[in-house]
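A short worksheet on the structure shown next.
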Amino acid sequence: MRKINKDLISVEEAQKIIFSKFNSLGETKKKLIDSSGYVLAKEIKALFDLPSKNNSAMDGFAVRHEDLEKNKSLKVVGRVGAESITNHVLQKDEAIRIMTGSGIPNGADTVIQFEKTNNNPHKGDDYPDSVIINEMVNKGDNIRLSGMDYKAGETVVNSGMLITPPIIGAIASFGIDEVIVIKKPIVSLISTGNEIVMPGEKLKEGQIFDSNSFAISSAIKNSGADFKMHKILSDNKADVKKLYEDCNQSDLIVTIGGVSKGDFDLIRDAITEKGNISFWGINMKPGKPLAFGQVNLNNKEIFHIGLPGNSVSSYVCFELFIRPILMKMQGIKNIHRKKIVAKIDKEIKNKDGRRAYLRAMVNKDEEKGYLASIYERQDSNIFSSLVYSNGLAICPEEYKVIKSGDQLEVIMLED
Ligand code: AMP
Ligand code: MG
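Here is the structure:
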């Protein structure tokens, strides 16, 4: 690392410090229907065999395989729907009309589907007196055995697994409608700046819309966490004193802006007044000014991450430092985005010894592998650079020039 950056810590050091402070949150009960995206806190075991009874995989006739012969007629002695059972024990040369999911009558060992008999499916409760076998089937065909999905007592979902729609379905199969999950973090999100105005309001001269809290709040949502949007704070000392109002129920405080070395950048003072700063300034671009500290609010210690104000800086810092801890708090094991190695399409100069995160659109070529097209404008306020990119190509601190065609690691910003 070159001397000019001696006050800045590396991305890895910053990540190590931040990540070490967060663990998965406590457990909570959740209605199964609302549990998608949560991490399961307690293992779920099969309460019974699934399916619970041998049942038919087809609409057709339950038969004894030894009675089957091509063109032979069997006597139809009853009908069972998916909800009903029959006590009749199938005798020689008998058949029972049966629907998909119906329990297999005692004595039957095979189901022959309608299509292989002279009898077509039809609506209504009646059934023919006899049925002719048009085609043979094998013994045991079209019977779904009890326990073939899950055996009673077997693990259905391990604790620590992310609940997906199929997992919800599997759990519901056992009649369970509530699960124990890891809580989701709530982030207090606060924009700062005299010039910042909420979208939907009227802009006065010199003002700009608060785009960052919109991007960051939806990124929080996409990480599975929740946010609480606070009022925009102006840069005067009196307003900054109100910074932590209504924050003490949150798991993390994130501010946007006011964290550089400008005259109005008061975030660091605010943290120091209520707690202490762990570090300020990371050897990266975009996103050098990032404050990480801890404040004491009504005897509760809460961490505060002060994101830089420039739009791309705040977003890249969210990806590198906040998204992983939101995942960690939810109990998710794999907290990192996928990384790939791609050839870049233009020369890049990186003279100030900082780690650069270049916005790039990555495509996969059948023969050439991953190709990263580096977005033309890489300034820290260029939102379009993120809109038209799906990855962050990492240019290491010590590389002054990267040539077109060289390979760089890329963090993929999409799942
Ligand atoms: P600051 O770190 O407060 O000096 O902000 C750096 C730059 O980012 C300034 O040009 C701000 O106007 C801009 N900025 C700060 N906060 C936001 C925000 N929430 N939305 C859009 N731009 C912002
Ligand atoms: Mg500001």
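Numbering (our numbering), first residue to last: 403 to 817. Don't be surprised by glycine CBs; every beta carbon is placed ideally from N, CA and C.
Among the options, whose alpha-carbon lies nearest the alpha-carbon of residue i?
i	options	result
L449	G577, S715, L635	G577
L410	I419, S504, I684, S625	I684
Q417	F681, N783, I776	F681
I784	A762, K770, K805	A762
K586	K431, N752, S787, I545	K431
E703	H490, Q609, Y646, S787	Y646
V479	H467, N489, T488, I498	I498
S486	K474, K494, N638, G505	G505
K630	S615, K518, T566	S615
G562	V581, K433, P507	V581
G626	N765, D436, E769, T512	D436
N536	A510, S791, D543, E517	E517
D527	L668, A484, S782, M538	A484
N736	G677, Q651, F421, Q780	F421
K639	Y801, E675, S613, N650	E675
Between residue i and residue j, how many whole angstroms is the CB-CB distance? I'm expecting something under 8 Å.
i	j	result
T594	G659	5 Å
I446	I618	So it is not a contact: roughly 35 Å between Cβ atoms.
A795	L810	5 Å
N624	S548	Wrong, their Cβ atoms sit about 42 Å apart, outside the cutoff.
V803	Y772	About 21 Å separates the two Cβ atoms, so there is no contact after all.
R466	L442	No, R466 and L442 are not in contact; Cβ-Cβ is about 44 Å, not under 8 Å.
N752	Y801	6 Å
D451	K553	6 Å
Between residue i and ligand 1, is there a pair consisting of the residue's CB and a ligand heavy atom that are separated by less than 8 Å?
i	result
I784	no
S613	yes
G660	yes
I622	no
F694	no
F629	no
I598	yes
T430	no
I684	no
The beta strand (DSSP E) spanning residue i covers which residue range?
i	result
G602	Note, G602: premise wrong, no beta strand (DSSP E); not H, not E.
R481	475-482
Y717	First-last for Y717: 713-719, but that is the alpha helix (DSSP H), not the beta strand (DSSP E).
H706	702-709
D436	Neither: D436 is in no beta strand (DSSP E) and is coded neither H nor E.
A693	693-699
T512	512-515
A443	Note, A443: premise wrong, no beta strand (DSSP E); not H, not E.
F463	462-465
A459	Segment: none, A459 is in no beta strand (DSSP E) and carries neither H nor E.
M631	628-631
I498	496-500
C797	793-797
G505	From DSSP, G505 is part of no beta strand (DSSP E); its letter is neither H nor E.
L815	It is not in any beta strand (DSSP E) - L815 carries neither H nor E in the DSSP assignment.
Can you tell me whether residue i sits near ligand 2, meaning its C-beta is under 8 Å from at least one heavy atom of the ligand?
i	result
D641	no
F424	no
E800	no
T657	no
D436	no
G711	yes
D637	yes
G708	no
F666	yes
T674	no
Y595	One point to set straight first is that residue 595 is Gly, not Tyr, in the sequence displayed. Because some heavy atom of ligand 2 lies under 8 Å away, the Cβ of G595 counts as near it: yes.
Assuming residue i is part of the alpha helix (DSSP H), what are its boundary residues?
i	result
L728	725-731
R757	Per DSSP, R757 belongs to no alpha helix (DSSP H); it is in the beta strand (DSSP E), 757-767.
L418	The sequence as given places Lys at residue 418; Leu does not occur at that position. Unbroken alpha helix (DSSP H) run through K418: 413-422.
T566	No alpha helix (DSSP H) holds T566; DSSP gives it neither H nor E.
I618	614-624
R670	669-676
A640	639-643
L788	786-789
Thinking C-beta only, is residue j closer than 9 Å to residue i?
i	j	result
L470	E496	no
R739	I813	yes
G602	V661	no
F694	I419	yes
M501	V482	yes
I569	Q732	no
V599	L605	yes
I588	E597	no
S715	G689	yes
I534	N522	no
V884	I673	Absent from the model: residue 884. The displayed extent of the chain is 403 to 817, so no value can be given.
L564	Y440	yes
F424	I634	no
S775	D817	no
N473	I514	no
L692	C649	no
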